[in-house]
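> So that you can map any letter, position 65 of the sequence shown is 345 in the numbering used here, and since no number is skipped, the others follow by simple counting. Where a beta carbon is used, it is the ideal one built from N, C-alpha and C, also for glycine.
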Amino acid sequence: MLSKYVYGLSLGHFVVDFSQGALAALLPLLIAQHHFNYAIAATLVFAMNLVSSIIQPLFGFSSDRFHTGWIIIPALLITGLGFGTLGWDNQYFLLITSCLVCGVGIAAYHPDAAKLVNGLADVNQGHAMSVFSFGGNLGFACGPITVTLVANALGISGVGLFILVGGGVALLLAHYFPAMRRQSAQHWQQKRQRESDSPVPVKDDWRHFAILACVLFGRSIIFYGLNTFLVLYWMHILKQSNTSGSLALSILFIVGATGTIIGGHLVDHIGAVKTIRLAFTIMLFLLLAFSLTKSVIVASVLLLPIGMLIFTPYSAIVLLGQRYLPNQMGLASGVTLGLAISIGGIATPFLGQVADATSLIIVFFILTAVALIPMGAVYFIIEPTISKL
281 MLSKYVYGLS
291 LGHFVVDFSQ
301 GALAALLPLL
311 IAQHHFNYAI
321 AATLVFAMNL
331 VSSIIQPLFG
341 FSSDRFHTGW
351 IIIPALLITG
361 LGFGTLGWDN
371 QYFLLITSCL
381 VCGVGIAAYH
391 PDAAKLVNGL
401 ADVNQGHAMS
411 VFSFGGNLGF
421 ACGPITVTLV
431 ANALGISGVG
441 LFILVGGGVA
451 LLLAHYFPAM
461 RRQSAQHWQQ
471 KRQRESDSPV
481 PVKDDWRHFA
491 ILACVLFGRS
501 IIFYGLNTFL
511 VLYWMHILKQ
521 SNTSGSLALS
531 ILFIVGATGT
541 IIGGHLVDHI
551 GAVKTIRLAF
561 TIMLFLLLAF
571 SLTKSVIVAS
581 VLLLPIGMLI
591 FTPYSAIVLL
601 GQRYLPNQMG
611 LASGVTLGLA
621 ISIGGIATPF
631 LGQVADATSL
641 IIVFFILTAV
651 ALIPMGAVYF
661 IIEPTISKL
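1. What is the DSSP secondary structure of D485, reduced to helix, strand or coil?
2. Is the stretch 343-360 touching the stretch 572-589 in the sense that three or more CB pairs, one from each, lie closer than 8 angstroms?
3. Can you have a look at W486 and say buried or exposed, based on whether 16 or more other CB atoms are within 10 angstroms of its CB?
4. What is the DSSP secondary structure of I577, reduced to helix, strand or coil?
5. Look at the alpha carbon of A431 and the alpha carbon of V439, and state the distance between them as a whole number of angstroms.
6. Three-state secondary structure (DSSP) at G448?
7. What span of residues does the alpha helix (DSSP H) with N522 cover, start to end?
8. May I ask you to check if the CB of K395 is nearer than 7 angstroms to at least one heavy atom of the ligand GTP?
9. Take V295 and list the residues in its own chain whose beta-carbon comes closer than 8 angstroms to its own, dropping the five residues that flank it on each side.
10. Kindly indicate which residue of L532, F489, F503 has the alpha-carbon position closest to the one of I662.
11. Leaving out the 5 sequence neighbours to the left and right, which residues in its chain are closer than 6 angstroms to I351 when beta-carbon positions are compared?
12. Can you list, in chain order, the residues of its chain whose CB lies under 6 angstroms from that of G498, leaving out five sequence neighbours each side?
13. How is the alpha helix (DSSP H) around A321 delimited, first residue to last?
14. Count the other C-beta atoms from every protein chain shown that fall within 10 angstroms of the C-beta of Y456, then say buried if there are 16 or more, exposed otherwise.
15. Under the rule that 16 or more other beta-carbon atoms within 10 Å means buried, what is Q405, buried or exposed?
16. Output needed for S437: all residues of its chain with C-beta closer than 7 angstroms, excluding positions within five of it in sequence on either side, in chain order.
17. Taking buried to mean at least 16 other C-beta atoms within 10 Å of its own C-beta, is Q608 buried or exposed?
18. Can you tell me whether K284 is buried or exposed, with buried defined as 16 or more other CB within 10 angstroms of its CB?
19. Apart from the five residues just before and just after T628, which ones in its own chain have a Cβ nearer than 6 angstroms to its Cβ?
20. What separation, rounded to the nearest whole angstrom, lies between the Cα atoms of C382 and G340?
21. Do you know how far the Cα of T555 is from the Cα of Y659?
22. With DSSP run on the structure shown, which of helix, strand or coil describes T638?
23. Mapping the DSSP letters down to three states, classify K519 as helix, strand or coil.
24. Hey, would you say S526 sits closer than 8 angstroms to A305, going by beta carbons?
25. List the endpoints of the continuous alpha helix (DSSP H) containing D392.
26. Does DSSP put W350 in a helix, in a strand, or in coil?
27. Within 10 Å of its beta-carbon, does A596 have 16 or more other beta-carbons around it, so buried, or fewer, so exposed?
28. Using a Cβ distance threshold of 8 angstroms, determine whether the stretch 518-536 contacts the stretch 411-430, with at least three qualifying pairs required.
29. So, are the CB atoms of G601 and L510 less than 8 angstroms apart?
30. Where G435 and F363 are concerned, what is the direct C-alpha to C-alpha distance, given to the nearest angstrom?
31. Does Q336 pass the burial test, meaning 16 or more other C-beta atoms within 10 Å, or should it be called exposed?
32. CA-CA distance, G415 and H516?
33. Output the distance between the C-alpha atoms of L441 and T365, rounded to the nearest integer angstrom.
34. Which two residues bound the contiguous alpha helix (DSSP H) that contains T428?
35. Can you check whether the CB of I590 is closer than 8 angstroms to the CB of G536?
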């Protein structure tokens, strides 16, 4: 039976990833208010993900060495503060600073939270990680439409309410953290005892982990490309409203959140590698079809399987990274949930420059071409042998 604390960590994941999903929906409002072009607006996404991508593996390394599980509490507070102040900033420098602060909170939360989930899981590790991932993906899904509705009702300064949300969830996890840490420590002690009795030492597989990172690089660019430019594409190419574009982005992530749960069950039944191969092999052709259509109806229909397939391999990738580096699990979580994921945010200014110089249509053709990277790399990874708790 899945530990109730996994759901609490999933709620925290919802909060930190809500900010990343909601930022994309804020871009049209910030463009209108500050007269930014696509490249400058996309730089806000870049700023949030730059700091997250750089320091998240460092938080993972610190977790492996110093057992910093407690850091998930201040991480939620920092994330809430960074995102909440975006609605009050009236200068570009302050907007960048808020994005950087939010990125620090995001970076601090993921490695230790993912490591705790692994420790709290029993034999159904795929299901446990999918529940944790579902929270983050649902946060991405709810972020765009929620922040649009709040901004329409209260003005852009209304996003300051997110400070209260981050603080409330931080207090909840602080209350349960001692018991959560004890339960996780008991599972890890059992695992270490079993491995100490094994005549074969557990080694880290850096070669396959590096190939897995390439899979993640490609997925991340596709993910953040859609996250950053889908609303704008909906408005300027398909000629729909801002609210309609935000709804499309939320639908993409809501379907994706469902795909995360499906992916977790697939991991437990057919393995992580087969799950990842299935998703990326089909995704390329769907992205190509989406890039070619000018019909909002066809585009809406294609969003459903695209969203499903982007998120289906998510928990499989995180678990696979942890299994490749069993002696560096915090670092593996920091890379798979941070560095490799956030590389897509770093690529968004380049995509914004392409959009300014050509059109948003070209951006989506580039995303289709990028899909070749994970589709090819996924056939060079293997399923590691793991021990059950």
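On the basis of the data shown:
1. coil
2. no
3. exposed
4. helix
5. 7 angstroms
6. helix
7. 522-550
8. In the structure shown, the ligand GTP is absent, as is every other ligand, since no ligand is present at all.
9. L356, T359, G360, G419, V445, G446, V449
10. F489
11. A388, D392
12. V650, I653, P654
13. 318-346
14. exposed
15. buried
16. G367, W368
17. buried
18. exposed
19. A322, V325, F326, Y504, T508
20. 18 angstroms
21. 12 angstroms
22. coil
23. coil
24. yes
25. 372-400
26. helix
27. buried
28. yes
29. no
30. 15 angstroms
31. buried
32. 31 angstroms
33. 9 angstroms
34. 405-434
35. yes
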